[in-house]
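Trainee: Dropping a structure here in structure tokens format, bear with me for questions.
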Amino acid sequence: MTEGTTLLYDPDPTLQRLVLSGGGVTETEAVAKADAALAASRGAFEAWAVGRLAGIEAKLANESDAARNLIALAQVRDEAMLYRHEAAARVIDHLAASLGDPAADMPRRKKLFRAHALATAHALAQGPRASRTDIDQLLATLAA
Amino acid sequence: MSERRLDLAQTSVLIVEPNVRLHRVYRDALTAFGTGHVSTVPDWDGALARFGEERPHLAFVEVLDEERRPVGLDWIRRVRRELPFPSRAAPIVASSALTTARTVCEARDAGANDFMKKPFGVADLFRQLGRVVEFVRPFVVDHAYVGPCRRTKIGENHPGPERRYATQLHGGSIQGLSLA
């Protein structure tokens, strides 16, 4: 192709034709089906997530550990969201923010980590319908 | 208003995700949506070969590796430039937890159709599928860019002689094309 020339192809309708045939599922149906499909592995995830946070906490010794563990936390959070543990995912986001806070010394960060890990475990135990308000109140108490 | 229905039974989806723990969740969720075939690959090199072999209708790709290098962006560029039609034109949704304006723009300029911010839930995943299916775009092949047309607005009242710097040649239809 010569410089300055642009080839423009027509939009490919294949996927649209396959998917928008009128059959299939609505979002409500799809989410309900996914929920049912994920129910079998949700308990295993919850146990793993609590253990993973405890493992990260046990190894948390210095600032480089804190930075490295942000990715591990993000992975737990991403999975929590797919299991519809929105409240737990939100606490883990807060946890990551406090872990990476340069203004806090390591003892403070470890204390905050403990508080967030407990709040996450509580949110996971409550299931996908855990109340955000309850979790926020618990977190505020633990972090004080 | 009735909800839009998606029939995914005849579609195949490729997931390129280094976090292997997410593979099962993706697979279970997409299968529950009725997706015909779901493949998961943990590394981008393996994914390129798989993309060429399986010719998925759609791919979700994480753009950053654990060192936060944009390996997934290079992967998208390679799909767009190295694979033959129609694979090179398949919709690709870039995904990452790092969603700065720069990351999103880089994904778009690499040839991604859309960007999905992590974390996302199963409803977001379903909605994203709907967005990609509904928003089909022309495909551009240029020396500087290969991918879906990045224009999202049609300017009816553009005053200048040419909106694009280059001469546009009609490339025809992607359907039926087997070679680049």
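Residue numbers (the working numbering), protein chains in the order written: chain A, 1 to 144; chain B, 1 to 180.
Idealized CB from N, CA, C, for every residue including glycine.
Look at the alpha carbon of V38(B) and the alpha carbon of L125(B), and state the distance between them as a whole number of angstroms.
Mentor: If you number the second sequence from 1, residue 38(B) lands on position 38. If you number the second sequence from 1, residue 125(B) lands on position 125. Near 14 Å, if we compare the C-alpha coordinates of L125(B) and V38(B).
Trainee: In chain B, what lies closer than 8 Å to G24(A) by C-beta?
Mentor: Taking the first sequence and counting its residues from 1, one reaches residue 24(A) at position 24. Within 8 Å Cβ-Cβ: R5, L6, D7, L8, A9 and G34.
Trainee: Could you name the residues of chain C that S21(A) contacts, counting a contact when the two beta carbons are closer than 8 Å?
Mentor: Looking for chain C here will not work: the only protein chains present are A and B.
Trainee: According to the Cβ coordinates, are V13(B) and P56(B) closer than 7 Å?
Mentor: As a position in the second sequence, residue 13(B) is number 13, starting the count at 1. As a position in the second sequence, residue 56(B) is number 56, starting the count at 1. Result yes, Cβ atoms of V13(B) and P56(B) sit closer than 7 Å.
Trainee: When DSSP labels each residue in this structure, what does A94(B) get in the three-state scheme?
Mentor: On the second sequence, residue 94(B) is found 94 positions in, with the first residue counted as 1. Strand.
Trainee: Looking at C-beta atoms only, is the number of pairs between the region 43 to 60 of chain A and the region 96 to 113 of chain B that lie closer than 8 Å three or more?
Mentor: Cβ pair count under 8 Å is below three, so no.
Trainee: Determine, using beta-carbon pairs with one atom in the region 68 to 79 of chain B and one in the region 34 to 42 of chain A, whether at least three such pairs fall under 8 Å.
Mentor: Inter-segment contact for the region 68 to 79 of chain B and the region 34 to 42 of chain A is absent: fewer than three beta-carbon pairs are separated by less than 8 Å.
Trainee: The beta strand (DSSP E) with D10(A) in it runs from where to where?
Mentor: As a first step, residue 10(A) is located in the first sequence; it is residue number 10 there, counting from the start. Segment T5 to D10, the beta strand (DSSP E) holding D10(A).
Trainee: Which chain A residues are close to F120(B), counting only those with a beta carbon under 9 Å from its beta carbon?
Mentor: As a first step, residue 120(B) is located in the second sequence; it is residue number 120 there, counting from the start. The contacting residues are D78, M81 and L82.
Trainee: Assign A29(B) to one of two classes, buried (16 or more other C-beta atoms within 10 Å of its C-beta) or exposed (fewer than that).
Mentor: One-based indexing of the second sequence puts residue 29(B) at position 29. Buried.
Trainee: Find out if the Cβ-Cβ distance for the pair G46(B), E62(B) is shorter than 7 Å.
Mentor: Here residue 46(B) refers to the residue found at position 46 of the second sequence. Here residue 62(B) refers to the residue found at position 62 of the second sequence. No.
Trainee: Would you say L15(A) and V133(B) are within 7 Å of each other, going by their C-beta atoms?
Mentor: Here residue 15(A) corresponds to residue number 15 of the first sequence, with the count starting at 1. Here residue 133(B) corresponds to residue number 133 of the second sequence, with the count starting at 1. Yes, the pair counts as a contact, with Cβ atoms nearer than the cut-off.
Trainee: With a threshold of 8 Å on Cβ separation, who are the neighbours of R132(A) within its own chain once the five nearest residues in sequence on each side are excluded?
Mentor: Taking the first residue of the first sequence as position 1, residue 132(A) is located at position 132. Its chain contains E86, A87 and R90 as the residues whose beta carbon lies nearer than 8 Å to that of R132(A), once the 5 sequence neighbours on both sides are disregarded; these appear in chain order.
Trainee: Using alpha carbons as the reference points, say which of P128(A), I92(A), A144(A) and G100(A) lies closest to A119(A).
Mentor: Residue 119(A) sits at position 119 when you count from the first residue of the first sequence. Ranking P128(A), I92(A), A144(A) and G100(A) by Cα distance to A119(A) puts I92(A) first.
Trainee: G147(B) lies in the beta strand (DSSP E); which residues open and close that run?
Mentor: Locating residue 147(B) in the second sequence gives position 147, counting from the first residue. Element bounds for G147(B): V146 to P148.
Trainee: Do E46(A) and D124(A) have their beta-carbon atoms positioned less than 7 Å apart in this structure?
Mentor: Here residue 124(A) is taken as the residue at index 124 of the first sequence, counted from 1. Here residue 46(A) is taken as the residue at index 46 of the first sequence, counted from 1. Residue identity check: residue 124(A) is Leu in the sequence provided, not Asp. Going by C-beta atoms, L124(A) is nearer than 7 Å to E46(A).
Trainee: Mind checking whether A90(B) and I174(B) have CB atoms under 7 Å apart?
Mentor: Your numbering for residue 90(B) matches position 90 in the second sequence. Your numbering for residue 174(B) matches position 174 in the second sequence. Against a cut-off of 7 Å, the Cβ pair of I174(B) and A90(B) comes out as no contact.
Trainee: Sort out for me which residues DSSP pairs D105(A) with in a bridge.
Mentor: On the first sequence, residue 105(A) is found 105 positions in, with the first residue counted as 1. Answer is none; D105(A) lacks a bridge partner.
Trainee: Can you check DSSP and say which residues form a bridge with I56(A)?
Mentor: Indexing the first sequence from 1 puts residue 56(A) at position 56. In DSSP, I56(A) forms no bridge with anything.
Trainee: Tell me the residue span of the alpha helix (DSSP H) that contains F85(B).
Mentor: In the second sequence, the residue the question calls residue 85(B) occupies position 85. Counting along the chain, F85(B) falls outside any alpha helix (DSSP H), and DSSP gives it neither H nor E.
Trainee: What residues from chain B crowd round I71(A), counting only those whose CB sits closer than 7 Å?
Mentor: Translated into positions along the first sequence, residue 71(A) becomes position 71. Neighbours of I71(A) on chain B, chain order: E66.
Trainee: From I135(A) to H122(A), what distance separates their C-alpha atoms?
Mentor: Here residue 135(A) corresponds to residue number 135 of the first sequence, with the count starting at 1. Here residue 122(A) corresponds to residue number 122 of the first sequence, with the count starting at 1. Rounded to whole angstroms, I135(A) to H122(A) spans 8 Å at the Cα level.
Trainee: CB-CB under 7 Å to R150(B), same chain, minus the five flanking residues each way: which ones, in chain order?
Mentor: As a working mapping, residue 150(B) is identified with position 150 in the second sequence. Once the five neighbours on either side are set aside, the close Cβ partners of R150(B) are R108.
Trainee: In chain order, what residues of the same chain lie with their CB nearer than 8 Å to the CB of K117(B), ignoring the 5 residues before and after it?
Mentor: In the second sequence, counting from the first residue as 1, residue 117(B) sits at position 117. Hits under 8 Å: S95, S96, A97 and T99.
Trainee: Which residue's Cα is closest to the Cα of P138(B): D10(A), S21(A) and A32(A)?
Mentor: The residue given as residue 138(B) occupies position 138 in the second sequence. Taking the Cα of P138(B) as reference, the smallest distance to any Cα among D10(A), S21(A) and A32(A) is reached at D10(A).
Trainee: Look up I15(B) in the DSSP assignment and say whether it is helix, strand or coil.
Mentor: Reading the second sequence from its first residue, position 15 is the one you call residue 15(B). I15(B) falls in the strand class under three-state DSSP.
Trainee: Taking only three categories from DSSP, how would you classify L21(A)?
Mentor: Counting from 1 along the first sequence, the entry for residue 21(A) is found at position 21. Looking at the sequence shown, residue 21(A) is not Leu but Ser. DSSP places S21(A) in coil when its eight states are reduced to three.
Trainee: In its own chain, which residues sit with a C-beta less than 8 Å from the C-beta of L145(B), not counting the 5 before and 5 after it?
Mentor: If you number the second sequence from 1, residue 145(B) lands on position 145. First, the amino acid is wrong: residue 145(B) is Tyr here, not Leu. Here the set comprises D109 and G111.
Trainee: Look at the alpha carbon of V19(A) and the alpha carbon of F33(B), and state the distance between them as a whole number of angstroms.
Mentor: On the first sequence, position 19 is the one that residue 19(A) refers to. On the second sequence, position 33 is the one that residue 33(B) refers to. Going by the C-alpha atoms only, they are around 12 Å apart.
Trainee: Name, please, each residue of chain A whose Cβ falls closer than 9 Å to the Cβ of Q175(B).
Mentor: The residue labelled residue 175(B) in the question sits at position 175 within the second sequence. Those within 9 Å of Q175(B) in chain A are D10, D12, P13 and T14.
Trainee: Does the beta carbon of A123(B) sit closer than 7 Å to a beta carbon anywhere in chain A?
Mentor: Here residue 123(B) corresponds to residue number 123 of the second sequence, with the count starting at 1. Interface residue, yes.
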